[in-house]
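Student: Residues in the sequence shown are numbered consecutively from 47, following this note's numbering. Idealized CB from N, CA, C, for every residue including glycine.
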Amino acid sequence: MKHYLFAFLLALTASLLIQHDAFAQKKSTKVSLSLGGGVNLSSAQVGGYYDRASNATSRFSFGFFADKKIKGGLSARSGFFYNGLGREYVQGYMGIPIPDPGDMHMQDEFNYFTIPLQVKYSFRDSPFSLYAGPQFSYLINVTWRPESNTRSLITDQFQRSNVSAAGGLLCAFTNRFSMGFEYQSSIGSNLDEGYKANLPTDTKYELYAFSLRAFYKLSN
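1) Quick one: Cα of Gln153 to Cα of Ser80, how far?
2) What does DSSP give as the partner residues of Asn86 in its beta bridges?
3) Asp202: buried (16+ other C-beta within 10 angstroms of its C-beta) or exposed?
4) Just verifying my parser: in three-state terms, what is the DSSP assignment at Gln91?
5) Start and end of the beta strand (DSSP E) containing Tyr167?
6) Quick one: Cα of Asn221 to Cα of Lys263, how far?
7) Nearest to Tyr96 by alpha carbon, out of Tyr254, Leu245, Ala211, Ser183?
8) Could you please give the first and the last residue of the uninterrupted alpha helix (DSSP H) stretch that includes Tyr241?
9) Look at the Cβ atom of Leu120, then the Cβ atom of Phe156, and state whether they are nearer than 8 angstroms.
10) Consult DSSP for Thr189 and reduce its assignment to one of helix, strand or coil.
11) Taking just the CA atoms, how far does Leu237 sit from Val209?
12) Leaving out five residues on either side along the sequence, give the residues of the same chain with a beta carbon under 7 angstroms from the beta carbon of Ile186.
13) How would you label Leu215, buried or exposed, when you count the other beta carbons within 10 angstroms and need 16 or more for buried?
14) To the nearest whole angstrom, what separates the beta carbons of Ser124 and Ile161, a pair I think is in contact under 8 angstroms?
15) Does DSSP put Gln203 in a helix, a strand or coil?
16) May I ask which residues mark the beginning and end of the beta strand (DSSP E) holding Ser268?
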């Protein structure tokens, strides 16, 4: 229950920050608020206990994003969004892949609330901008899917809080509509330290994703 309470408080805090940004827009044109969403093509670097070839799986992300102009083409970027990550893999026996896996394709699905803290640079007289920085995530849950119609929670195997690095390229097609391509990768292991202590020393599980998102600016 405390995990859900923490998630609620995190969402409430982010909501208040977003409302503050929206209110600030009435006093300053240097803050802009956008809605954004898209697809994450996600996988993981694994080793030890989880050492099975990982394939990419598609997940969704959506939320609010705020830009605060600092000077010239430089601005600060933050927000609050749902961030779906995961991986697909083939179950084997003692590390040996099954020759004809059939329905043995499995997925680990991670559901996060994420707050990015990034720096963005917009090129002069150009629709393009670059951004990079850390992002802080709270793990809602992790679902293991051995079959398409079967799900099991494995949340206790992973850290509730996660720090990742993210960076990307944005292209503005109009004053309000833009699209972005992003790469994000966990900094360090996603595994719970207590759980990891009982596994082989070379065990690792580090999520990463390539993301394509569309953004709609609510104000100019």
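Tutor: This is what the structure gives:
1) Within the sequence shown, residue 153 is the residue found at index 107, counting from 1. Within the sequence shown, residue 80 is the residue found at index 34, counting from 1. C-alpha separation (whole angstroms): 31 angstroms.
2) Working through the sequence shown from its first residue, we reach residue 86 at position 40. DSSP output for Asn86 lists Arg105, Ser257 as bridge partner(s).
3) The residue given as residue 202 occupies position 156 in the sequence shown. Exposed, by the Cβ-count rule.
4) Within the sequence shown, residue 91 is the residue found at index 45, counting from 1. Here Gln91 sits in strand by DSSP.
5) Residue 167 sits at position 121 when you count from the first residue of the sequence shown. Here the beta strand (DSSP E) through Tyr167 covers 151 to 168.
6) As a first step, residue 221 is located in the sequence shown; it is residue number 175 there, counting from the start. As a first step, residue 263 is located in the sequence shown; it is residue number 217 there, counting from the start. Cα to Cα, Asn221 sits roughly 8 angstroms from Lys263.
7) Taking the first residue of the sequence shown as 1, we reach residue 96 at position 50. Considering only alpha carbons, the answer is Leu245.
8) The residue given as residue 241 occupies position 195 in the sequence shown. That run of the alpha helix (DSSP H) goes 239 to 242.
9) Counting from 1 along the sequence shown, the entry for residue 120 is found at position 74. Counting from 1 along the sequence shown, the entry for residue 156 is found at position 110. Pairing Leu120 with Phe156 gives a Cβ-Cβ distance that is not under 8 angstroms.
10) Taking the first residue of the sequence shown as position 1, residue 189 is located at position 143. Correct three-state label for Thr189: strand.
11) For the purposes of this step, residue 209 is taken as residue 163 along the sequence shown, with counting starting at 1. For the purposes of this step, residue 237 is taken as residue 191 along the sequence shown, with counting starting at 1. Per the coordinates, the alpha-carbon of Val209 lies some 12 angstroms from the alpha-carbon of Leu237.
12) One-based indexing of the sequence shown puts residue 186 at position 140. For Ile186, the CB contacts under 7 angstroms within the same chain, skipping 5 residues up- and downstream, are Ala53, Asn157, Tyr158, Phe159 in chain order.
13) Here residue 215 refers to the residue found at position 169 of the sequence shown. With a threshold of 16 other beta carbon atoms within 10 Å, Leu215 falls short and is exposed.
14) Walking along the sequence shown from the start, residue 124 turns up at place 78. Walking along the sequence shown from the start, residue 161 turns up at place 115. The pair is a contact, with the Cβ atoms about 7 angstroms apart (cut-off 8 angstroms).
15) Counting from 1 along the sequence shown, the entry for residue 203 is found at position 157. In this structure, DSSP gives Gln203 a helical state, which the three-state scheme calls helix.
16) The question about residue 268 has no answer, for the chain in this structure spans 47 to 266.
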